[in-house]
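A quick write-up on the structure given underneath.
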């Protein structure tokens, strides 16, 4: 029974990983940019939510009303002001600049919030659960997290394939030059994509902060989980990132069941196994 | 004397360190059809790209309706009324046929062209509107590329390598539709490697050779040999 | 009229002689300076070596790795295992760390080379995390909290403290200057010609007979081996080691990348200049703590956006200066 | 025996067939000219011969060996060198170093410096030996393409549009260079739009259109043939 429980909990935590991954996947899809600072931005969103909750007394989930727009606005400005200047010059400039961003964010958070761990308190939501079967309890929080991941990915999917903004995302991703011929200003489209990515980051950051303690140096680990989910699921496939997140979550859950020290390691091993057998991921988009 | 729709003055254009145009000048009146001919590498595509803002470094002037657009970004130039159907069609592969067309209308200029009128011109596009663009044949993609350019209701339409890689019957079909497009008053620059066909369609031609204008005028007033010489440089 | 191919420039001859002089001065340092200075120079040598090696990978072979801490940590763990568990003289464990790192880099490359560009970068990082997590499971070496080299092991290096410090210092000097020498000789060799060509255009390199994959693999393995030796050195310098410190992405990769980028990527001089700047900044700004790291990150971003060739690239373009002539000059034209 | 032999070589990108069952023999020591309009598949054909692309179907034989699956680098080592239509210089290296790469990793690595210098000499690039290739104007880049390919000591040299944009006197010296190379026993296949240049050295022409070989033979027959006039000069063959 503990094994089934490990798998079920792994599936649910996979939703959180899918949210880490979705924003990463979105901007890679639109502008081929890999944001090394993605994980640190998630943690920054956690701190922002913490600050908002402490200043206003809002429930952590309600704080998203403030946190998500702020994060999106920051993403828009970051892309227009900095990241757009790194595109089209090879892989090093975006990599280095987002690496620098990562170091700045980590140390900035350390400076403002110190190295003490913090947590957001979501009240009864955190402790409530129901029994799926004897020995398998489903917590309301993990369930809500998974459901949110489904909604986020479905919304991104809808936006990408059924709205005019999504059409422009796909167009600049296909062919920047011809997109410009249509009157599309690619810099603004990229900025919109980054804003959207950071809105998802905000949601992920709030759930991260409710679920566990966080500190300024947690970012790189979250980046890696998101990255693994993207690669396992297959590049450019949003539902694939959910599958990737779930597989990662299950691998970690099963690993932890074998030996608590193997939790994260088991996820990495699953990632390298997929890479060895299916280098393009399990569900690559056919192109 | 009326100001021409387009006036290119001593245009030099470069890609990186390589210069492709060495001082090209030409004029185009509203509603006119101009054939731009020349061998491979003569600079025809570069000239079209320079006019619509896709070449990084332009020296000289490109006056469109009296306004210098030589250093404007492409996304602004289309709003002024210049549209290009690029060489190789360049459909957006992850968009459907209809989405390609809708994007062509993003500049939102007023005029006769809309989804309905483009579908009326190319009925086959309407049949395939839900399909992804790469699923179409080369000829259908070319129609879609023309339609996409028309959707912005341009005053100047640039058609690059219209018949490249297309079967002869398709080429014939497309050429038969060109007068219907010109009837709306849009001026056209036509780049075409089928020189005979281009000269038969256009009112005037400009021949480029190695980035210079080697000959221009009314197709009827120049002998075939003159044109061949201007074309190959022999 | 026959043309003659030569490789040196006037600046390079002057630089070569000065370098020999400087090396002699550095070698004699234990006789005229104190332990604190020795340690500072030793630490500088660590960063000089890491930056030079990372530059070979990213600046020439196009392999932008953010996982070089895997080999630093691996080298450290090889040294501490051989010294503490097998009773080796730690100095003898240094070459073993290099061989071990090179050996393990070969299968690692087979996996991470499947990823392209930025994904390759993160893939190498994940690999480094795997190394860290595995090392944290070794309870004989203190598990997650790590362990220290025993005094007995340190005594095997040299009996007295000054002699020990000097030995570790010379090892650092050998690895720091050695890494630059290896980079220089490598870039002057056939492989160097291939690497420079690959840096400029992979398509053209392929069409001219360069076996790109083999060249990249060779460089990756060589760099891993030398990085492993640097890791062993770091363990000797620090004595105490935990998995988190041994496999730190910030210490062994982020700062190294900043050094190379600020100094000038794709040149031998760049990492040297970058390491000097890094140490000068550190001497004056380190007390700012996290603010200093933020300044460093911002400086690297600024250089990347405004002068992607780095400071040495600027010097080179402005004055045509080259201290390490890896190129060829045709004379008597 | 033919030095190069293509057997029903075919390649498609998606729905677009760019090489359509091309079969062709090139004899040792010949200069073959390749003509065809834009988009006819000429450069793709070179990519298939040199190994930059793999065919979907068909075989490439070189000197009696099947090289269809061999990577480009190995083909260069066997003696197939090419120039690129869009020049692809090693921008951070000097002209001499560019040629030296070909000489060092090509068919015969010994005396590489001497061979690199000789290749620069033949192509007229020697005066610029110490210039960084990234700063060269277009024409010099094209010459460098040829020099680099030559330095690799090829048995088969593939030239892709190297005469475009040359003045008359430059064109004459290019033709002299090509004749010199040919006199040393190198087999040459040359794609060119400057027809008169091609006609002055090629003994045989092939014409591609829509990826198909539509004509081959002596230059006079080929240039006079109706198919060629129809596709090339656009004289639509009515009736």
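Chains as they are written, first to last, in my numbering: chain A, 406 to 692; chain B, 28 to 261; chain C, 16 to 348; chain D, 21 to 259. For glycine and all other residues, C-beta sits at the position ideal for the given N, C-alpha and C.
Between residue i and chain C, is there a C-beta pair that is closer than 8 Å?
i, result
"residue 596 of chain A", "no"
"residue 692 of chain A", "Below a pLDDT of 50, predicted positions are generally treated as unreliable, and residue 692 of chain A, at 41, falls in that range; the measurement from the model is reported next regardless. No, its Cβ sits nowhere closer than 8 Å to a Cβ of chain C."
"residue 133 of chain D", "yes"
Measure the alpha-carbon distance for residue i versus residue j and round it to whole angstroms.
i, j, result
"residue 456 of chain A", "residue 41 of chain C", "52 Å"
"residue 222 of chain B", "residue 68 of chain B", "15 Å"
"residue 156 of chain D", "residue 329 of chain C", "20 Å"
"residue 409 of chain A", "residue 541 of chain A", "7 Å"
"residue 228 of chain D", "residue 198 of chain B", "19 Å"
"residue 257 of chain D", "residue 76 of chain C", "Its pLDDT being 39, under 50, residue 257 of chain D is placed unreliably in this model, and the value from its coordinates should be taken loosely. Distance between the alpha carbons of residue 257 of chain D and residue 76 of chain C: 54 Å."
"residue 636 of chain A", "residue 646 of chain A", "8 Å"
"residue 589 of chain A", "residue 496 of chain A", "24 Å"
"residue 218 of chain D", "residue 148 of chain D", "27 Å"
"residue 312 of chain C", "residue 38 of chain D", "49 Å"
"residue 167 of chain D", "residue 59 of chain C", "44 Å"
"residue 16 of chain C", "residue 139 of chain D", "At residue 16 of chain C, the pLDDT of 40 sits below 50, so the modelled position is not reliable and the matter cannot be decided from this model."
"residue 213 of chain D", "residue 215 of chain C", "29 Å"
"residue 171 of chain C", "residue 105 of chain C", "7 Å"
"residue 284 of chain B", "residue 234 of chain D", "Outside the displayed range of chain B (28 to 261) lies residue 284 of chain B, so it cannot be described from this structure."
"residue 691 of chain A", "residue 639 of chain A", "For residue 691 of chain A, the pLDDT reaches just 48, beneath the cut-off of 50, and the residue's location in the model is therefore unreliable, although a value from the coordinates is still provided. Each residue's Cα considered, the two are about 10 Å apart."
"residue 37 of chain C", "residue 193 of chain C", "14 Å"
Shorter than 8 Å from the beta carbon of residue i to some beta carbon of chain B?
i, result
"residue 586 of chain A", "yes"
"residue 15 of chain D", "Chain D is shown from 21 up to 259; residue 15 of chain D falls before or after that span and cannot be answered."
"residue 110 of chain D", "no"
"residue 572 of chain A", "yes"
"residue 259 of chain D", "For residue 259 of chain D, the predicted structure reports a pLDDT of 30, less than 50, and the residue's modelled location is therefore unreliable. A value from the coordinates is still provided. Judged by the 8 Å Cβ criterion, residue 259 of chain D is not in contact with chain B."
"residue 36 of chain D", "yes"
"residue 67 of chain D", "no"
Counting contacts by CB-CB distance shorter than 8 Å, is residue i in contact with chain A?
i, result
"residue 47 of chain B", "no"
"residue 258 of chain C", "no"
"residue 210 of chain B", "no"
"residue 312 of chain C", "yes"
Going along chain C in order, which residues have a C-beta closer than 8 Å to the C-beta of residue i?
i, result
"residue 656 of chain A", "Per Cβ cutoff of 8 Å: no residues; residue 656 of chain A is ~13 Å from chain C at best."
Is residue i close to chain D? Criterion is C-beta to C-beta, closer than 8 Å.
i, result
"residue 21 of chain C", "no"
"residue 335 of chain C", "no"
"residue 220 of chain B", "yes"
"residue 31 of chain B", "no"
"residue 262 of chain B", "Because residue 262 of chain B is not part of the residues shown, which for chain B are 28 to 261, the question remains open."
"residue 66 of chain B", "yes"
"residue 100 of chain C", "no"
"residue 292 of chain C", "no"
"residue 221 of chain C", "yes"
"residue 16 of chain C", "Low confidence applies here, because residue 16 of chain C scores a pLDDT of 40, under 50, leaving its location unreliable and the question unanswered by this model."
"residue 166 of chain B", "no"
Residue i versus chain D: which residues are under 9 Å apart at the beta carbon?
i, result
"residue 403 of chain C", "No information on residue 403 of chain C is available, as it lies outside the stretch 16 to 348 that chain C covers here."
"residue 33 of chain C", "Under the 9 Å cutoff, chain D gives no residues; its nearest Cβ is about 25 Å from residue 33 of chain C."
"residue 209 of chain C", "121, 124 and 125"
I'd like to confirm something about residue i: is its beta-carbon nearer than 7 Å to some heavy atom of the ligand ATP, or not?
i, result
"residue 171 of chain D", "What this structure holds is no ligand at all, so the ligand ATP is not there to describe."
Name the chain A residues that come within less than 8 Å of residue i, Cβ to Cβ?
i, result
"residue 119 of chain B", "575, 576, 579, 580, 583 and 584"
Starting from the beta carbon of residue i, find every residue of chain B whose beta carbon is closer than 8 Å, and list them in chain order.
i, result
"residue 589 of chain A", "102, 130 and 133"
Kindly list, in the order they appear in chain A, the residues whose Cβ is closer than 7 Å to that of residue i.
i, result
"residue 136 of chain C", "500"
Threshold first: 3 residues or longer. Then list the beta strand (DSSP E) segments lying entirely within the stretch 165-239 of chain B, N to C.
183-186, 214-218 and 231-236
Alpha helix (DSSP H) segments (min. 4 residues) lying fully within the stretch 200-288 of chain C:
205-215, 217-222, 227-253, 258-261 and 270-278
As an exercise, report each continuous alpha helix (DSSP H) stretch of at least 4 residues that is fully enclosed by the stretch 98-134 of chain B, in chain order.
101-107 and 124-131
What ranges does the beta strand (DSSP E) occupy inside the stretch 32-81 of chain B, keeping only unbroken runs of at least 3 residues that lie completely in it?
33-42, 45-55 and 60-64
Does the stretch 474-483 of chain A come within contact of the stretch 544-555 of chain A, defined as at least 3 CB pairs closer than 8 Å?
no
Counting beta carbon pairs with one atom in the stretch 94-112 of chain B and one in the stretch 141-150 of chain B, are three or more of them shorter than 8 Å?
no
Are the stretch 123-140 of chain C and the stretch 669-681 of chain A touching by the rule of at least three beta carbon pairs closer than 8 Å?
yes
Runs of alpha helix (DSSP H) wholly within the stretch 606-661 of chain A (minimum 4 residues, chain order)
624-638
Counting pairs of beta carbons, one from the stretch 76-88 of chain C and one from the stretch 237-257 of chain C, are three or more of them closer than 8 Å?
yes
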